[in-house]
Structures are given as C-alpha cells and as structure tokens.
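Here the structure comes first, spelled out in structure tokens, and everything after it is commentary.
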Amino acid sequence: MHSGSTSIDITGARENNLKNIDITIPKHRITVFTGVSGSGKSSIVFDTVAAEAQRQINETHSAFVRGFLPKYGQPDADAIENLSAAIIIDQQRLGGNSRSTVGTITDIYTLLRLLYSRVGSPNIGGAYVFSFNDPAGMCERCQGLGRVVTVDMDEFVDMSKSLNEGALLHPDFKVGKWFWNMYSASGFFDMDKPLAEYGKEELDILFHGTDAKIPFAWEGGTINSKYEGAVEKFTRLIMSKSAEEMSDRNRAIFERFTTTGVCDACEGLRLNEKVRSCKLAGLHIAEMASMEITDLVRVLSGVDGGSSQRVLDSLLERLDHLITIGLGYLSLHRATGSLSGGESQRIKTVRNLNSSLTEMMYIFDEPSIGLHARDVHRMNELLVKLRDKGNTVLVVEHDPDVIAVADHVIDVGPGAGTHGGTIVYEGPVAGLKEADTPTGAQLRRRSGLKDETRAANGKYPVADVNSHNVSGVSVDFPAGVLTVVTGVAGSGKSTLVTEGLLTQHPDAIVIDQTAVAANRRSNTATYTGLADGIRKLFANVNGVKPSLFSFNSDGACPDCQGHGVIYTDLAFMDGVKTPCETCEGKRFKSEVLAHTVRGKNISDVLNLTAEEAAEFFTEKKLRTVLRALNDVGLDYLTLGQPLNTLSGGECQRIKLATELSSMYSQASPAPTGSIGSGARASSFSARLNRLYVMDEPTTGLHMSDIEKLLGLFDHLVDSGNTVIIIEHNMDVIKHADWIIDLGPDGGSSGGRVMFEGTPRQLLDTRGSHTGDFLRRELAA
Numbered sequence: 001m002h003s004g005s006t007s008i009d010i011t012g013a014r015e016n017n018l019k020n021i022d023i024t025i026p027k028h029r030i031t032v033f034t035g036v037s038g039s040g041k042s043s044i045v046f047d048t049v050a051a052e053a054q055r056q057i058n059e060t061h062s063a064f065v066r067g068f069l070p071k072y073g074q075p076d077a078d079a080i081e082n083l084s085a086a087i088i089i090d091q092q093r094l095g096g097n098s099r100s101t102v103g104t105i106t107d108i109y110t111l112l113r114l115l116y117s118r119v120g121s122p123n124i125g126g127a128y129v130f131s132f133n134d135p136a137g138m139c140e141r142c143q144g145l146g147r148v149v150t151v152d153m154d155e156f157v158d159m160s161k162s163l164n165e166g167a168l169l170h171p172d173f174k175v176g177k178w179f180w181n182m183y184s185a186s187g188f189f190d191m192d193k194p195l196a197e198y199g200k201e202e203l204d205i206l207f208h209g210t211d212a213k214i215p216f217a218w219e220g221g222t223i224n225s226k227y228e229g230a231v232e233k234f235t236r237l238i239m240s241k242s243a244e245e246m247s248d249r250n251r252a253i254f255e256r257f258t259t260t261g262v263c264d265a266c267e268g269l270r271l272n273e274k275v276r277s278c279k280l281a282g283l284h285i286a287e288m289a290s291m292e293i294t295d296l297v298r299v300l301s302g303v304d305g306g307s308s309q310r311v312l313d314s315l316l317e318r319l320d321h322l323i324t325i326g327l328g329y330l331s332l333h334r335a336t337g338s339l340s341g342g343e344s345q346r347i348k349t350v351r352n353l354n355s356s357l358t359e360m361m362y363i364f365d366e367p368s369i370g371l372h373a374r375d376v377h378r379m380n381e382l383l384v385k386l387r388d389k390g391n392t393v394l395v396v397e398h399d400p401d402v403i404a405v406a407d408h409v410i411d412v413g414p415g416a417g418t419h420g421g422t423i424v425y426e427g428p429v430a431g432l433k434e435a436d437t438p439t440g441a442q443l444r445r446r447s448g449l450k451d452e453t454r455a456a457n458g459k460y461p462v463a464d465v466n467s468h469n470v471s472g473v474s475v476d477f478p479a480g481v482l483t484v485v486t487g488v489a490g491s492g493k494s495t496l497v498t499e500g501l502l503t504q505h506p507d508a509i510v511i512d513q514t515a516v517a518a519n520r521r522s523n524t525a526t527y528t529g530l531a532d533g534i535r536k537l538f539a540n541v542n543g544v545k546p547s548l549f550s551f552n553s554d555g556a557c558p559d560c561q562g563h564g565v566i567y568t569d570l571a572f573m574d575g576v577k578t579p580c581e582t583c584e585g586k587r588f589k590s591e592v593l594a595h596t597v598r599g600k601n602i603s604d605v606l607n608l609t610a611e612e613a614a615e616f617f618t619e620k621k622l623r624t625v626l627r628a629l630n631d632v633g634l635d636y637l638t639l640g641q642p643l644n645t646l647s648g649g650e651c652q653r654i655k656l657a658t659e660l661s662s663m664y665s666q667a668s669p670a671p672t673g674s675i676g677s678g679a680r681a682s683s684f685s686a687r688l689n690r691l692y693v694m695d696e697p698t699t700g701l702h703m704s705d706i707e708k709l710l711g712l713f714d715h716l717v718d719s720g721n722t723v724i725i726i727e728h729n730m731d732v733i734k735h736a737d738w739i740i741d742l743g744p745d746g747g748s749s750g751g752r753v754m755f756e757g758t759p760r761q762l763l764d765t766r767g768s769h770t771g772d773f774l775r776r777e778l779a780a
C-alpha cells in the first residue's frame with residue numbers, strides 16, 4: 001500500500017505556452033509526456049512540476065542555507081498539490097574537471113579502493129592510498145592526472161639554424177631580446193653554428209641550464225644574472241601558471257609551444273609505484289579501473305572477498321547496473337567530461353538505482369537519446385524498477401518503444417508554441433494509438449524503405465583510422481547521397497566520423513550537439529543574424545540610427561538595462577524577478593517603441609514567431625533566414641526567445657537553420673509564398689557540392705518533425721550536396737541511400753565495419769544489431 005494521495009494535481013498551469021490547463025498525474029506510475037517539439041511538455045514537467053518540487057524542498061532550509069542553493073521561482077499556476085521530492089535526471093553532460101571519472105562520479109571506484117585496502121596484497125594502507133586525488137596515492141610526476149604538459153621541441157626550436165639566425169622560435173627568445181642576450185653573453189655557444197651540429201652537452205646547457213652567473217651591462221654597471229636554459233625558463237615563466245593566470249597572448253603562446261601527452265612515470269595510470277605494487281587477482285587497481293566494465297565484472301566475479309564479501313557484492317551490483325543500462329563498454333577511468341549527454345543521463349540513472357528511498361518523483365528528459373533500438377528496452381527496465389520501488393516516474397519522450405512502457409500518457413499539443421499548450425489526450429497507451437492527435441497519427445503510421453536509392457557520384461575515402469576502439473578501419477563514404485552511420489552505443493560511430501572523416505576531410509560542415517553559446521541577452525534573432533537586418537530596416541524607415549533598436553545598446557530601457565525584468569537580490573531569501581514597470585517588460589525606451597514598421601514596433605516584432613515573421617517581412621534577406629528557421633521545424637520560436645531557454649535539439653536545429661540560410665542565399669530566389677509551405681525544391685537550384693556531417697539531428701524531435709527533417713535532407717542532397725548522419729532513429733535509417741554499420745557491440749567488441757550498402761541490402765545481412773531491428777520494424 002502507498003500512503004498519501006494517489007495523484008499530483010495541477011490547476012490553472014500557465015507557464016510559457018500552457019493555456020490555463022488542469023492536469024492529474026497518477027502517483028506510483030510511469031507517466032510519459034508526448035507531443036510535438038515546442039508543444040509544452042517541458043513546460044509542464046520541468047518548468048511547473050519539477051520547479052515547484054525543488055522550490056518547496058529549498059524552502060525547508062534556513063534562510064542562510066537557501067543563500068547557497070539554486071533559486072527557483074514559483075511557477076505560474078493556481079495550485080500544485082501532492083508533490084513528492086523530485087530527482088531530475090536530464091541530458092546535461094556531467095562535465096567535471098580532469099580528476100572526475102566514471103568511477104568517482106558513481107562512487108564505484110570508492111568501493112574498489114575499499115576492496116583493495118582490505119583484500120589486496122601486499123597491504124599498503126587504507127582506502128585513501130588508492131586514490132589518484134590523494135597525495136599518498138597520486139603519481140608525483142603528473143599529480144594524479146595521467147597526462148603531462150611538455151614543451152613541443154619541434155615548435156620551440158629550429159635545429160637547422162644557429163642562435164644568431166633565430167633557432168629559438170618562441171617570440172620572447174628572438175635575436176636581440178633580453179632572453180636571447182643571456183645565451184649570447186654566456187660564452188657557452190658558437191652563435192653561428194647550427195644547433196644540429198651541437199653536442200649533447202651543449203644542447204643540454206642551452207635547453208636545461210647549468211649552475212652559472214652571466215654578467216650583463218646594466219645602467220652603466222654590471223649585474224650578474226642566474227643562467228637558465230631556454231626550456232627551463234619557458235617552463236618557469238609560462239608553464240607553471242594556470243590558464244586563469246595567463247594573458248591571452250601567453251595562453252596562445254602556451255598552446256603553440258606545448259604538447260600534452262601520457263605521463264611517462266605512471267604511463268597514464270595516475271597512481272604511484274607503491275600503489276601499483278598492491279595486487280588483487282594479479283592486477284593493480286589502475287589496471288582494473290582501465291578495463292571495460294564487462295571485463296572487470298568477469299575478473300571480480302572470480303575474486304574471494306573473504307570478510308569483505310559484502311563490499312565485493314555491492315561493487316558487482318553497481319557494475320551490473322552499468323552493463324544493464326548499456327554502458328558496459330566504458331571503464332571506471334573514463335573522464336566524465338568525455339561522456340555524451342545520453343551517457344551522462346544513464347550514469348545519473350544508475351546512481352539513483354542504489355537508493356533505498358521511496359515515494360520519490362523521478363523526472364527523465366528523453367532517456368532514449370543516444371540509445372540504439374537494441375538498448376532502449378534496458379532503459380525501460382530501469383524505469384520499471386524505479387516505479388516498482390514505490391516511486392513516481394515522469395518521462396518526456398518521443399520514442400515509441402519508451403512510450404509503450406507507460407502506465408499513463410499525457411499528450412500535449414496539438415501544435416507547437418501558440419498552437420500548443422493544451423492537453424489533447426490522457427490515458428493508456430492503447431488509447432493514444434487511436435487518438436486524433438499528431439502523436440496518435442504517427443504511432444499508427446508505419447513507413448517502409450524507399451523505392452529507389454540515389455547512386456553516388458564520387459566518394460570521400462577515409463583510410464586507416466586508429467583511435468579508441470576503431471583499429472585500422474578504412475571505408476569510402478559515397479558522395480552525393482544520404483549516408484547514415486549506425487551501430488550500438490560505443491561501437492565507434494563518432495570515432496570513425498570525427499577522427500576519420502573530419503580529420504581527413506576538414507572542409508566538412510559539422511552540425512553537432514555542442515551547445516549554442518547563450519546568455520539571457522542572446523536570442524533567436526541575434527544568433528541567426530536576423531537582428532542586424534531588422535535594426536537596419538527600422539532605422540531606414542524611421543530615419544534614425546540602428547543602435548536604437550538594440551536592447552543591448554542605445555535603445556535599452558534605462559531601468560532594467562534591456563532585460564525587461566528587474567532582478568532583486570533579497571540576500572538570504574530567494575531573489576525576485578519582476579516585470580519592469582517602466583517598459584512593461586518590452587525592454588526598450590518608450591521613444592524607441594514609438595518608431596514602427598508596417599504598424600509594429602521593435603518589441604512587437606521580437607514577439608513574432610518565425611512563422612508569423614515570415615508573413616510579416618517582405619525583405620529578401622530576412623525571409624531567407626526565416627525560411628530556414630521554418631524549414632527545420634522552429635516555426636514556433638519567437639524572434640526574441642532567449643537561447644538559454646532552448647533544448648539541446650532546438651540548439652542543434654538553430655545551428656542547422658543558420659547554415660541553411662547561408663546556403664539559401666546562394667540559391668535562386670524562393671518563389672512567393674514558399675516559406676513554410678513545403679514548396680522548397682525549386683529554390684534549391686544551386687549545386688553547392690558541400691559535405692554536411694550531423695550527429696543525431698533527430699534529438700528532441702517528435703515523429704512528425706522527423707518527416708520534415710528527412711524532406712530537408714533530401715533537398716540538401718538533391719542540390720548536389722553530401723549528407724552524412726550519425727543516427728539511431730529507424731525512420732532515418734529506412735530513408736538512407738547508404739548505410740555504414742559499426743559493431744557488432746560497444747567498446748573492444750566494436751570498432752568494425754559490419755555492413756556497407758543500402759537499407760534493403762541490410763535486411764539480408766546477419767550479425768548486425770541494426771539489421772535485426774530494421775527487420776523487426778518493417779515486420780511490425
């Protein structure tokens with residue numbers, strides 16, 4: 001029996017585009033929120049439910065403690081009742097500094113250290129000794145980082161030149177400069193002899209110094225200066241400083257004249273020799289932490305824990321969770337900063353599986369991202385496990401396989417932005433499949449393979465890729481077609497593309513998942529370049545200067561500095577954000593708002609959606625950018641929407657739109673009325689012969705939006721371009737002209753090209769997980 005209310009009840013929710021809606025979310029169930037991108041799903045789950053749960057938790061602390069906690073404003077709703085404490089498991093990358101690893105972030109390495117301190121032989125001390133973040137355990141040479149920065153001698157010195165000819169290439173060691181004068185005045189060197197002819201002792205003195213004083217004439221007298229070798233001096237003056245202490249000039253010099261490599265003392269293992277002398281199952285702790293988790297489990301399963309068997313059992317349980325969730329290809333020493341958003345989210349999930357707390361509310365943001373179809377069921381099993389422990393699980397998701405595991409579905413829509421914000425369906429999954437909503441329609445739709453695939457008109461050869469788990473792979477990417485690179489997580493897709501294709505073909509245009517640089521002053525218009533054109537239009541029509549129409553410049557409201565709101569710091573209490581009374585949230589001075597174009601002032605224009613703006617503007621340059629925004633499915637974004645409010649998928653698509661607008665401007669003019677209408681092909685006449693590379697562009701996209709994106713890819717290719725996509729989505733895979741499948745599994749079990757060919761040929765191929773699920777998809 002579960003105590004308390006059986007549902008979370010929300011009355012009059014109006015956050016963002018929500019239209020005063022009432023919602024009932026059942027407790028102790030898995031509820032999946034569906035709907036097109038921008039429909040309001042996140043406004044319900046994150047901006048209303050999660051924000052209020054976190055705000056109320058923070059309210060339980062003293063005013064002093066709240067001063068150190070994140071600030072959450074009260075969501076715009078009449079009532080939110082029966083909330084549980086929330087744990088949010090989002091797509092934000094774990095990040096972390098160079099000392100943060102998979103082992104440390106999950107606390108698994110802590111258990112492994114404890115096991116070594118009790119069972120390892122010989123015994124060398126407590127668990128702290130086995131930490132590369134503790135002075136007792138870290139390698140002294142690299143301070144536990146596993147990597148060292150050294151002078152790049154190929155950049156620092158030209159051995160074919162003499163000192164008088166400028167053999168020392170660092171700008172501070174140029175001929176005639178103070179540092180150079182030391183070597184000239186020392187008498188140690190033949191200044192006209194090429195360094196290549198120097199003996200070992202001479203080079204050692206030049207680079208690493210000797211115990212000597214060098215006399216210099218100075219202000220009519222003589223001073224004796226301690227002699228330093230060139231490398232020694234550079235290390236002391238530049239390399240010993242942190243990045244924050246360096247000037248921009250010194251940072252640029254540092255990056256040019258240094259190289260980072262594996263520590264030669266510990267061979268990258270981070271720990272000192274004493275720690276590495278302690279063995280368990282014939283291996284020291286760094287060797288175990290460097291293994292793939294699947295291999296580590298096999299080794300530890302054969303260990304006798306003795307009196308520490310409970311520690312070993314707990315360690316194996318946590319490692320099994322990582323394997324269950326599809327991360328068995330990682331190692332405990334893998335840096336958290338190198339993890340993808342999907343990998344980060346799954347690690348956060350594993351951390352919470354070990355909790356014995358119940359009556360919690362777990363909130364997931366598209367947990368299927370980055371997962372191959374083979375692994376989605378593993379994520380589903382974890383969602384079920386969290387529910388069965390007595391928790392409420394809320395999931396924002398587009399993947400039909402995740403939707404299928406829901407106990408309850410809330411479909412938001414019907415459209416995006418102003419066309420969304422209402423509940424269009426509530427109930428079981430079976431009912432959603434029959435519902436008259438965009439999500440219901442897509443669940444009923446089953447797409448097949450293309451009737452015909454395009455033929456390549458050339459190739460982008462990639463030869464001998466050797467990085468991570470990809471070893472000696474060579475493959476030709478066909479030109480002039482749509483190629484999809486597939487394979488399970490960790491199979492080597494990103495390595496093949498980034499370390500292979502992009503390294504050997506650096507002119508490619510990359511549209512990846514890296515975040516758009518954003519603050520609350522950056523918005524859709526400023527990022528895409530629309531803002532400059534809009535400001536010039538207002539300036540020309542009204543005969544004033546363009547800077548008046550920028551809320552970051554002359555036009556800003558003096559009271560709120562162009563923010564539109566006043567931020568009030570209440571010291572130990574939560575800060576308050578209130579609309580600016582002077583400009584009424586419009587961000588501009590009143591005299592600026594008096595200037596109009598076609599009946600709208602600058603604030604009115606920034607409140608237009610991309611769809612509305614496409615109807616409003618007649619100017620060709622502005623229409624070109626707006627057309628691109630509409631084509632990538634961002635028609636619901638307002639021109640003034642801050643970039644720091646966009647999802648990862650929206651950020652990726654706004655980058656794509658910015659690139660497309662540049663392409664469109666080179667193509668023939670768009671016919672009247674084509675913006676957002678689907679009649680795009682005629683304006684794609686220029687054969688631009690570019691190579692586009694995209695990393696999971698379907699991230700955050702509803703099934704109906706993926707159809708639009710596929711149409712856009714077709715137009716890119718039909719215009720003479722090559723499009724290469726890393727993707728798991730089956731609709732994209734079915735739409736490909738060519739597939740390169742890696743595998744068969746992740747980590748050391750991957751890194752091989754399993755298949756090259758058309759989707760139809762993949763159906764007849766055995767041994768490929770992608771082929772297995774493609775057959776299943778078409779048979780459904």
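Position 588 (the sequence shown) corresponds to 588 in full-length UniProt numbering; numbering is contiguous. Where is the CB? At the ideal position from N, CA and C, for every residue including glycine.
- Apart from sequence neighbours up to five positions away, the residues of its chain that approach Asn466 with a beta-carbon distance below 7 angstroms are Gly472, ordered along the chain.
- If you ignore the 5 residues before and after Met754, its C-beta comes within less than 7 angstroms of the C-beta of Asp741, Leu742, Gly743, Pro744, Gly767 and Ser768, all in its own chain and listed in chain order.
- The C-beta distance from Leu639 to Asn540 rounds to 19 angstroms, too long to fall under 8 angstroms, and the pair is not in contact.
- Rounded to whole angstroms, the Cβ separation of Pro697 and Ile654 is 12 angstroms, and the two are not in contact under 8 angstroms.
- Less than 9 angstroms divides the Cβ of Asp411 from the Cβ of Gly440.
- Each residue's CA atom was taken as its position, placing Val157 and Asn181 some 17 angstroms apart.
- Between the alpha carbons of Val45 and Asp407 lies a distance of about 17 angstroms.
- For Gly187, the closest C-alpha among the options Glu202, Glu267 and Glu426 is that of Glu202.
- Listed in chain order, the non-local C-beta contacts of Lys41 below 6 angstroms within the same chain comprise Phe33, Gly35, Val396 and Val412, local neighbours out to five positions each way being set aside.
- When secondary structure is reduced to three states using DSSP, Phe33 falls in the strand class.
- In terms of Cα proximity to Gly490, the closest of Gly751, Gly146 and Leu168 is Gly751.
- Between the alpha carbons of Phe773 and Val49 lies a distance of about 36 angstroms.
- Each of Leu449, His419 and Val592 was checked against the Cα of Ser37, and the nearest Cα belongs to His419.
- For His333, the closest of Leu271, Ile509, His702 and Ser368 by C-alpha to C-alpha distance is Leu271.
- Exclusion of the five residues before and after Thr31 leaves Ile25, Thr392, Val393, Leu394, Val395, Ala406, Asp407, His408, Val409 and Ile410 as the residues of its chain whose Cβ lies within less than 8 angstroms of its Cβ.
- Under the three-pair Cβ rule at 8 angstroms, the stretch 137-157 counts as touching the stretch 262-280.
- By the criterion of a C-beta distance shorter than 6 angstroms, Thr453 is surrounded in its chain by Asp737 and Thr758, once the five residues flanking it on both sides are discounted.
- With 16 or more other Cβ atoms inside 10 Å of its own Cβ, Tyr227 counts as buried.
- Assigned with DSSP and collapsed to three states, Tyr128 falls in helix.
- Approximately 15 angstroms separates the beta-carbon atoms of Ser338 and Ile293; this is outside 8 angstroms, ruling out the contact.
- Inclusion of Ile363 and Asp90 in the CB contact set at 9 angstroms is warranted, their separation being smaller than that value.
- For Phe755, the pairing in a beta bridge is given by DSSP as Asp741.
- When rounded, the separation of the alpha-carbon atoms in Leu643 and Phe173 is 45 angstroms.
- In this structure, Gly562 and Phe549 do not form a Cβ contact; the two beta carbons are roughly 11 angstroms apart against a cut-off of 8 angstroms.
- Between Val632 and Lys708, the CB-CB gap stays under 9 angstroms.
- Here Met360 carries a coil assignment [DSSP, helix/strand/coil].
- Taking 8 angstroms as the upper bound for CB-CB distance, Gly137 and Ser131 are in contact here, some 5 angstroms apart.
- Nearest to Ile57 by alpha-carbon distance, out of His28, Ile87 and Ala77, is Ile87.
- If you ignore the 5 residues before and after Glu232, its C-beta comes within less than 6 angstroms of the C-beta of His208 and Gly209, all in its own chain and listed in chain order.
- Here Met361 is near Ser84, since their CB atoms are less than 9 angstroms apart.
- Between Lys450 and the set Asn97, Ala185, Gln761 and Val297, the nearest pair of CA atoms involves Gln761.
- Secondary structure of Lys71 (DSSP, three-state): coil.
- Look at Thr618 here: in three-state DSSP terms it is coil, with no helix or strand label.
- Straight across, the Cα-Cα distance linking Gly328 with Ile8 is about 36 angstroms.
- Here DSSP, grouped into helix, strand and coil, assigns Asn224 to strand.
- The Cβ-Cβ distance between Gly103 and Ala289 falls below 9 angstroms.
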